């Protein structure tokens, strides 16, 4: 879709907003034509329009109030002049009209709408419609749940609708370009998009592991058909949950990204350290935001080091213990209810709560690579421009130095930097062994053979 098509659709929405504001002002000040209802002004017909905004309106079946809220929050970005009517002064008090709401930022002299602004427009003829605004800006409304609209929190004891009503940056970008961007790894969105340039041919996995992974990719391809067309949703819980366990560097994260890559799904890694909030309820709120967006966008969710949060629960002797157990219970429920794929990774399966482990459809063990597998991994690692000296006995290296695939990639990085700094492309045995020594030292391991 061309960007100018998206802009044309949004421009029509801005023209409609301008007409609505003008009519509301006419009605409020009892000017000629004040009897006309603003709802009588026809909204742009988007039933046959292309573009992300038109798609969202149709998918969510947005009513006139919802579209007005989006248009109002979008106006400061696309057509700020349509809001200038709200600067009309109350001559009696020589100030703006309180009922119009609005804010003026330090570095922006245009009008920024608030919840009060939306409330004024919707209720200008019918004060009883305030409940529509309360519903529209409530937590359960699709525009709030999907974080399309953001009503900024106010200070304690200030009216809630005094907060600025804005369109989230990611949704504004999506409506303009069709690309959705998230404020990744923030406290309010504790997840990060992870991807890889590697392919399945670049990894070496056990046959049994590959068979179990095929089950996940099969679910991604055929899950909706099984649940809906075959009617299995009566017997099966929604979604698919998999546990990857094994030592660091054995390919758990890489495998998750490859599953997403081959299935055409984005993979988002949950940052567990950002989930634990000292404010009760904030953790649930932040994670709920991730799950809601992931469900709509069909993402795969990947929880790394999951034992930190899903380990054996405490006996709740203190308020902190009860809070932690409350967070765990909430997360377990969201994972069970999530209709997509959730992958959890842990280094030690023994740390996982047994009752929770039973909820997985697949539990996949990523073992340390065997000698033969290490040999294949070494060959793949040095198959590009950076090559090993032909005199290096690679099989002996694989046999003598047990490393994971992740550690081998670190060795590759070390060797590549070493050879390029001397304007070469061939790795000498001394450089390779020095890289291996570094990896052993990181893990406080004793070398079998002296290097």
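In the working numbering, the protein residues as written are 3 to 453.
Note that beta-carbon positions come from the ideal geometry of N, C-alpha and C, so glycine has one too.
Being a predicted model, the structure only gives us computed values, none of them experimental.
Next item on the list: May I have a chain-ordered list of the beta strand (DSSP E) segments no shorter than 3 residues that lie completely inside the segment 102-137?
Entry: 105-107, 110-114
Check: At a cut of 8 Å, does the segment 362-380 reach the segment 395-411 through at least three beta carbon pairs?
Finding: yes
Notebook entry, point to check: Cβ of residue 134 within 8 Å of Cβ of residue 67?
Noted result: yes
Checklist line | Validate contact between the segment 138-152 and the segment 83-93 using beta carbons, cut 8 Å, 3 pairs | finding: no
Notebook entry, point to check: Do residue 43 and residue 14 have their CB atoms nearer than 8 Å?
Noted result: no
Check: Count the other CB atoms within 10 Å of the CB of residue 65; is the residue buried (16 or more) or exposed (fewer)?
Finding: exposed
Notebook entry, point to check: residue 232: buried (16+ other C-beta within 10 angstroms of its C-beta) or exposed?
Noted result: exposed
Check: Cβ atoms of residue 112 and residue 85: under 8 Å apart, would you say?
Finding: yes
Note to self: Could you compute how far the alpha carbon of residue 95 sits from the alpha carbon of residue 162?
What the structure shows: 24 Å
Check: Is there contact here, the segment 412-430 with the segment 381-394, by at least three beta-carbon pairs under 8 Å?
Finding: yes
Note to self: Taking a contact to mean a Cβ-Cβ separation below 8 Å, would you say residue 340 touches residue 254 in this structure?
What the structure shows: no
Note to self: In whole angstroms, give me the CA-to-CA distance for residue 242 and residue 357.
What the structure shows: 17 Å
Margin query: Give me the DSSP bridge partner(s) of residue 98.
Written below: 91
Next item on the list: Could you spell out where the beta strand (DSSP E) holding residue 193 opens and where it closes?
Entry: 193-196
Check: Anyone know if the C-beta pair for residue 263 and residue 197 falls short of 8 Å?
Finding: yes
Next item on the list: From the DSSP output, in three-state form, read off residue 257 for me.
Entry: helix
Notebook entry, point to check: Is there contact between the segment 117-125 and the segment 163-172, where contact requires at least three CB pairs shorter than 8 Å?
Noted result: yes
Next item on the list: Could you check the C-alpha separation between residue 384 and residue 414 for me, to the nearest Å?
Entry: 7 Å
Check: Across which residues does DSSP place residue 367 in a beta bridge pair?
Finding: 247
Margin query: Suppose you measure from the CA of residue 240 to the CA of residue 56; what does that come to, to the nearest Å?
Written below: 29 Å
Item checked: Nearest-angstrom Cα separation, counted from residue 268 out to residue 195 -> 7 Å
Notebook entry, point to check: Cβ atoms of residue 291 and residue 191: under 8 Å apart, would you say?
Noted result: yes
Next item on the list: With DSSP collapsed to three states, give me the class of residue 406.
Entry: coil
Check: Would a C-beta distance cut-off of 8 Å place residue 270 and residue 301 closer than the cut-off?
Finding: yes
Check: residue 211 lies in the alpha helix (DSSP H); which residues open and close that run?
Finding: 209-226
Item checked: Residue span of the alpha helix (DSSP H) that contains residue 442, given as start and end -> 431-444
Notebook entry, point to check: residue 305 lies in the beta strand (DSSP E); which residues open and close that run?
Noted result: 302-305
Note to self: Please return the same chain residues whose Cβ sits closer than 8 Å to the Cβ of residue 350, not counting the five positions on each side in sequence.
What the structure shows: 247, 309
Next item on the list: Please confirm whether residue 260 and residue 202 have their CB atoms less than 8 Å apart.
Entry: yes
Notebook entry, point to check: If you compare alpha carbons, which of 200, 45, 224 is closest to residue 257?
Noted result: 200
Next item on the list: State the Cα-Cα distance for the pair residue 51 and residue 11, rounded to the nearest angstrom.
Entry: 8 Å
Check: Taking DSSP as the reference, what is the three-state secondary structure of residue 400?
Finding: helix
Next item on the list: Please state whether DSSP places residue 71 in a helix, a strand or coil.
Entry: helix
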